[in-house]
Amino acid sequence: MYSGARCLDWIQSGGKEFVMEWKMASGGMAEAAEHIIAQLMEKGHEAYWVGGCIRDELLGRPVHDMDITTSALPEEVISIFPRCIPTGLQHGTVTVLQAGNGFEVTTYRTESGYLDYRRPEQVCFVSDVNEDLRRRDFTINAICCGIEGQLIDPFGGAADLERQVIRCVGDAEERFAEDALRMLRCVRFASGLDFSVTKNTWRGLLRQRDKLVHIAVERVRAELERIVEGPHPRRGLGMLVRSGLLPRGKAPFPWTGTDLAAAAALSAGIGELQSARLRWALLLHALKQSAQEADELLRAWTFPGTTRTSVVLVLRVREAWTAALEEVPPEAAYGTEALRRLWIAAVLAYGKEAAEGWLTLLEALQAAPEGRSPAPGPTSVLAGSSRQTLPAAAREWLTQMPLSSLAALAVTGNELAETLQKTPGPWLGIMLQQLLQAAAVGDIPNDKQLLLHEAKRMDGHEQL
């Protein structure tokens with residue numbers, strides 16, 4: 037849990053002696069932001085750090101970026117700073133470039149008439165910072181601080197940080213009705229910070245949850261990624277189950293809340309796995325999705341192609357592993373060697389990284405409490421495996437592979453075609469794969485001359 041000591045110091049001092057000393061932000065970024073605030077103040081405007089940077093500083097979490105709120109109008113901001121990007125002038129936002137950093141500087145504003153439960157139709161610039169803070173989603177994000185350390189916190193955000201709760205600014209139903217994505221942000225903040233959600237805020241979420249259908253799939257997916265890939269994914273998944281949010285979105289959700297709850301419980305080690313693709317692969321595995329079903333779902337949820345491919349490959353290795361266990365009788369004397377060869381074939385087909393990913397998931401699933409692991413197939417010892425469990429044996433076989441891709445094969449397609457004096461065609465890819473398999477399992481050394489000799493033998497055999 038992150039320390040709330042800095043919040044407590046401020047609360048106990050009554051906000052009078054608190055000084056914002058940036059301990060969680062880089063000195064260069066903090067200095068550049070302070071320069072912007074000072075420049076705005078010199079021109080007669082108000083300006084403060086606001087939102088997430090204050091929240092994270094008070095919690096003792098790393099501060100990666102800094103937003104600034106000001107009474108200056110966008111055109112006034114542009115006139116003061118020579119290097120600006122008009123990020124969102126209609127909403128009062130200008131990105132000021134300073135000392136290699138970009139800072140979003142936004143004019144105090146109010147919002148109304150939200151379009152599609154997401155975007156405000158009307159934005160009015162105002163002169164009171166409290167009015168600007170009033171439009172924000174949660175109290176912990178509605179805090180700002182000046183360069184002299186004065187903290188402006190009209191809605192008790194610092195106290196909520198100390199209490200470790202997520203609470204909407206004002207009426208929760210109104211906040212969620214304005215922007216339905218805030219409901220997923222609520223779950224994300226509670227999950228990531230390991231906070232509770234106040235009763236009124238949770239009640240407002242449940243009453244407005246049907247409005248999630250108005251939010252673009254890409255937006256929902258982005259929040260879901262941050263929940264699943266955050267520090268407390270099982271907590272976040274549990275909140276999603278209780279909220280009933282995901283089935284109400286635009287993306288397909290072919291499970292019940294009970295299914296997702298069971299998957300979260302079965303996914304032993306999901307909180308410790310560092311790779312995002314492994315977390316998604318583990319979750320989809322626990323939800324009993326085939327590789328093909330997972331591919332279709334990840335496409336529908338607009339996941340990036342690289343993420344989708346990585347996850348699906350892990351699940352394809354799972355399917356190859358399961359098929360191998362079904363094909364090889366565990367009691368057979370030849371079982372260990374036969375399984376080794378089938379496993380190496382899977383590694384060559386789907387890649388070493390995917391194979392390592394599946395083994396990591398298998399190990400996590402084996403660590404699940406008795407009766408909870410959804411890992412397919414037996415995990416007992418095969419004949420002759422020296423009491424190794426199957427995942428351990430498979431990892432050793434993977435480590436011992438002399439090569440795992442065509443790129444590492446000591447002979448090329450052109451060399452094969454030239455040696456065999458044949459025109460390249462489909463036969464060439466087949467032969468390269470056969471040579472790769474033979475070298476990977478150790479039937480033949482990965483040596484060019486020996487591989488060419490084997491190719492001649494194979495070609496002569498095929499011509500008989």
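Residue numbering for the sequence shown follows my numbering, beginning at 37 and increasing consecutively. No residue lacks a Cβ here, since even glycine has one placed at the ideal position from N, Cα and C.
6 Å CB neighbourhood of residue i in its chain, flanking five on each side removed
i, result
"Ala-297", "Val-277"
"Leu-320", "Ala-330"
"Glu-259", "Leu-220, Arg-224"
"Ala-322", "Ala-299, Leu-302, Ser-303, Pro-410"
"Arg-377", "Val-477"
"Gly-285", "Leu-248, Val-256"
"Ser-107", "His-81, Glu-82, Tyr-144, Ser-163"
"Arg-271", "Ser-227"
"Met-65", "Asn-137"
"Thr-131", "Ile-121, Thr-123, Gly-138, Glu-140"
Anticipated Cβ contact below 8 Å, residue i with residue j, distance rounded
i, j, result
"Ala-213", "Gln-186", "So it is not a contact: roughly 33 Å between Cβ atoms."
"Glu-490", "Ala-476", "Not confirmed; about 13 Å, so no contact."
"Gly-266", "Gly-280", "Contact flag wrong, Cβ pair sits at about 20 Å."
"Val-159", "Ile-104", "Contact doesn't hold; Cβ gap of about 17 Å is too wide."
"Cys-180", "Trp-85", "6 Å"
"Val-264", "Ala-287", "Going by Cβ atoms, the distance from Val-264 to Ala-287 rounds to 14 Å, so no, they are not a contact pair."
"Cys-204", "Asp-173", "7 Å"
"Gly-393", "Ala-317", "6 Å"
"Phe-139", "Ile-90", "In fact, because the Cβ distance is near 14 Å, the residues do not count as touching under 8 Å."
"Arg-315", "Pro-269", "6 Å"
Span of the alpha helix (DSSP H), counted from its first residue to its last, around residue i
i, result
"Ser-279", "269-279"
"Thr-372", "371-386"
"Leu-29", "In this structure the chain extends from 37 to 500, so residue 29 is not present and cannot be described."
"Pro-427", "426-436"
"Gly-465", "462-477"
"Arg-239", "235-244"
"Leu-456", "449-456"
"Gly-293", "293-302"
"Arg-257", "253-264"
Residue i, buried or exposed, once every other Cβ within 10 Å from all chains shown has been counted against 16
i, result
"Ser-422", "With a pLDDT of only 38 at Ser-422, under 50, the local geometry of the prediction cannot be trusted, and the value read off the model is given with reservation. Looking at its Cβ environment, which holds fewer than 16 other Cβ atoms inside 10 Å, Ser-422 is exposed."
"Ile-188", "buried"
"Lys-247", "buried"
"Val-249", "exposed"
"His-100", "exposed"
"Ser-62", "exposed"
"Thr-435", "exposed"
"Ala-83", "buried"
"Ser-148", "exposed"
"Asp-92", "buried"
"Glu-70", "buried"
"Asn-177", "buried"
"Arg-119", "exposed"
"Pro-98", "exposed"
"Ala-208", "buried"
"Pro-290", "exposed"
"Ser-441", "exposed"
"Ala-443", "exposed"
"Ala-466", "The amino acid at residue 466 is misidentified as Ala; the sequence shows Ile. By the 10 Å Cβ count, Ile-466 comes out exposed."
"Thr-396", "buried"
"Gly-496", "exposed"
Within-8 Å CB hit, residue i to chain C
i, result
"Arg-119", "In the displayed structure, chain C is absent; only one protein chain is listed."
8 Å Cβ shell around residue i - same chain, five flanking residues per side excluded
i, result
"Leu-487", "Leu-445, Ala-446, Val-447, Leu-471, Ala-475, Ile-480"
"Arg-344", "Asp-331, Leu-334, Arg-335"
"Ala-453", "Thr-459, Pro-460, Leu-464"
"Ser-326", "Leu-351, Glu-355"
"Glu-67", "Ala-135"
"Gly-80", "none"
"Pro-190", "Asn-166, Leu-169, Arg-170, Ala-178"
Same chain, Cβ closer than 7 Å to residue i, five either side skipped, listed in chain order
i, result
"Ala-74", "Ile-183"
"Ala-391", "Val-353, Ala-382, Val-383, Leu-434"
"Gly-387", "Leu-349"
"Glu-399", "Pro-427"
"Pro-412", "Note that Pro-412 scores a pLDDT of 48, beneath 50, so its modelled location is shaky and nothing firm can be said."
"Asp-483", "Ala-446"
"Phe-161", "Leu-109, Gly-128, Thr-143, Tyr-144, Arg-145"
"Gly-449", "Pro-460, Leu-464, Leu-468"
"Thr-175", "Phe-191, Gly-192, Gly-193, Asp-196, Arg-203, Val-205"
"Trp-337", "Val-253, Arg-257, Ala-287"
"Arg-218", "Asp-173, Arg-211, Phe-212"
Any non-hydrogen atom of the ligand FMN within 7 Å of residue i CB
i, result
"Gly-293", "Absence of the ligand FMN from the depicted structure is noted, as is the absence of any ligand whatsoever, leaving it without description."
- Message: Restricting to runs no shorter than 3 residues, where is the beta strand (DSSP E) found entirely within the region 319-353?
- Response: none
- Item | Residue ranges of each alpha helix (DSSP H) within the region 76-157, 4 or longer | 88-95, 110-116
- Any chance you could list the alpha helix (DSSP H) runs of at least 4 consecutive residues sitting entirely within the region 169-219, in chain order? Those alpha helix (DSSP H) runs which fall completely within the region 169-219 and span 4+ residues are 193-199, 208-214.
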